[in-house]
Amino acid sequence: AILPRARKRSKPAEAGVPRHEEVKFEDIRLYLVERKMGSSRRGFLTQLARSKGFIVEDILSNDVTHVVSEDNQPSPLWTWLRGRGLKDLPRMHVVDISWFTESMRASRPVAVETRHRIQEILRYGRSFEVEKILADERYQTLKLFTSVFGVGPKTAEKWYRRGLRSFSHVLTDPSIHLNRMQRSGFLHYGDISRAVSKAEARALGNIIDEAAHAITPDAVLALTGGFRRYRTCLLLSVLIWKWK
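Numbering-wise, the UniProt record's numbering puts 82 at position 82 of the sequence shown, and it's gapless, one number per residue.
Structure follows, in structure tokens:
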């Protein structure tokens, strides 16, 4: 008897073979939080993003630039993220699914706006984004320069763009010409930047009061400013008026 030829089984349609899509955005790496999203939806959104040229990481690591979450409350989400031991978490964008949806619609990563962010300040009372800005070299340098009497934001920015980063850089640069106020600001920087105590404020007030009464006997002087609320302050204001 002739046995019938065995029929070849057709291969499944590449079901288990991972597709390698063209990467268009090398600097963007997404991670989709499965919690609340579900594994099926996460898998679908992962394939959608990859088909549009995005890199989607299966594991949360320091390489991730955008953490995408759906329907998660900020408090438990940030508790979970902080427990991952990620040293680069402060620089990551933790965003709502709305950012992902808009990016898929635009076929490119859209700018992260405040409305997209899942703010950790609600959980921790502080913002890592703000802390990152405060630690920025430009911010620190401009803050240092503008602490000098007579130096405004424009001058500080100009000095920073010239590559100056410290007082010594400014004072030793032959191309920098300080005006009278700036020279006084550097000369008396220690005194000007030191907080004034209440005792010093009252002593100064007495001196000004005597001078004012020497000009007009019915002058009235009042010390105003932060020292009225705090023990020390950087600015003392004096209000003088004359009774009619």
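The beta carbon of each residue, even a glycine, is placed where N, CA and C say it ideally should be. Note that the coordinates shown come from a computational prediction; the quantities given were computed from them, not determined experimentally.
Starting from the Cα of residue i, find the closest Cα among the options and give me that residue.
{"i": "Y189", "options": "F145, I176 and R165", "result": "F145"}
{"i": "S175", "options": "R162, K87 and S69", "result": "R162"}
{"i": "L86", "options": "E70, F54, T141 and I59", "result": "I59"}
{"i": "H213", "options": "D191, V170 and K242", "result": "K242"}
{"i": "H177", "options": "I192, S193, D191 and K158", "result": "K158"}
{"i": "S168", "options": "P153, L187 and R180", "result": "L187"}
{"i": "R180", "options": "L204, V148 and N206", "result": "V148"}
{"i": "V49", "options": "L164, I192 and M104", "result": "The residue asked about is misnamed: residue 49 is Ala in this sequence, not Val. For the residues L164, I192 and M104, the minimum Cα distance to A49 belongs to M104."}
{"i": "L204", "options": "R108, T224, R165 and S193", "result": "T224"}
{"i": "P90", "options": "W99, A106 and I118", "result": "I118"}
{"i": "I192", "options": "A199, K198 and S184", "result": "S184"}
{"i": "T114", "options": "V94, I240 and A106", "result": "V94"}
{"i": "R108", "options": "S40, S51 and A195", "result": "S51"}
Taking Cβ positions, are residue i and residue j nearer each other than 8 Å?
{"i": "V64", "j": "R42", "result": "no"}
{"i": "V33", "j": "T46", "result": "no"}
{"i": "I208", "j": "V238", "result": "yes"}
{"i": "V220", "j": "Q182", "result": "no"}
{"i": "D88", "j": "N62", "result": "yes"}
{"i": "I97", "j": "V67", "result": "no"}
{"i": "N72", "j": "K36", "result": "yes"}
{"i": "L236", "j": "A201", "result": "yes"}
{"i": "L171", "j": "A156", "result": "no"}
Specify the secondary structure class of residue i as computed by DSSP and reduced to three states.
{"i": "A135", "result": "coil"}
{"i": "H169", "result": "helix"}
{"i": "D191", "result": "helix"}
{"i": "S237", "result": "strand"}
{"i": "M88", "result": "What sits at residue 88 in the sequence shown is Asp, not Met. Three-state result, D88: coil."}
{"i": "L164", "result": "coil"}
{"i": "R108", "result": "coil"}
{"i": "K242", "result": "strand"}
{"i": "S197", "result": "strand"}
{"i": "R35", "result": "coil"}
{"i": "T224", "result": "strand"}
{"i": "F149", "result": "coil"}
{"i": "P18", "result": "In this predicted model, P18 has a pLDDT of only 48, less than 50, meaning its place in the structure is not dependable; the value taken from the coordinates is given anyway. Three-state DSSP puts P18 in coil, outside helix and strand."}
{"i": "Q73", "result": "coil"}
{"i": "residue 329", "result": "Because residue 329 is not part of the residues shown, which for the chain are 1 to 244, the question remains open."}
Identify the continuous beta strand (DSSP E) that holds residue i and give its terminal residues.
{"i": "S69", "result": "H66 to S69"}
{"i": "H177", "result": "Looking at the DSSP string, H177 is not in any beta strand (DSSP E), and its letter there is neither H nor E."}
{"i": "K154", "result": "Premise fails: K154 lies in the alpha helix (DSSP H), P153 to R161, not in any beta strand (DSSP E)."}
{"i": "R29", "result": "R29 to L32"}
{"i": "V23", "result": "Premise fails: V23 is in no beta strand (DSSP E) and is neither H nor E."}
{"i": "V94", "result": "H93 to D96"}
Note the first and the last residue of the continuous alpha helix (DSSP H) segment covering residue i.
{"i": "D58", "result": "Counting along the chain, D58 falls outside any alpha helix (DSSP H), and DSSP gives it neither H nor E."}
{"i": "D218", "result": "D218 -> no alpha helix (DSSP H), and no H or E assigned at all."}
{"i": "F44", "result": "S39 to S51"}
{"i": "T114", "result": "No alpha helix (DSSP H) contains T114, which DSSP labels as neither H nor E."}
Since I believe residue j is in contact with residue i (beta carbons under 8 Å), could you give me their beta-carbon distance rounded to a whole number of angstroms?
{"i": "G53", "j": "E22", "result": "6 Å"}
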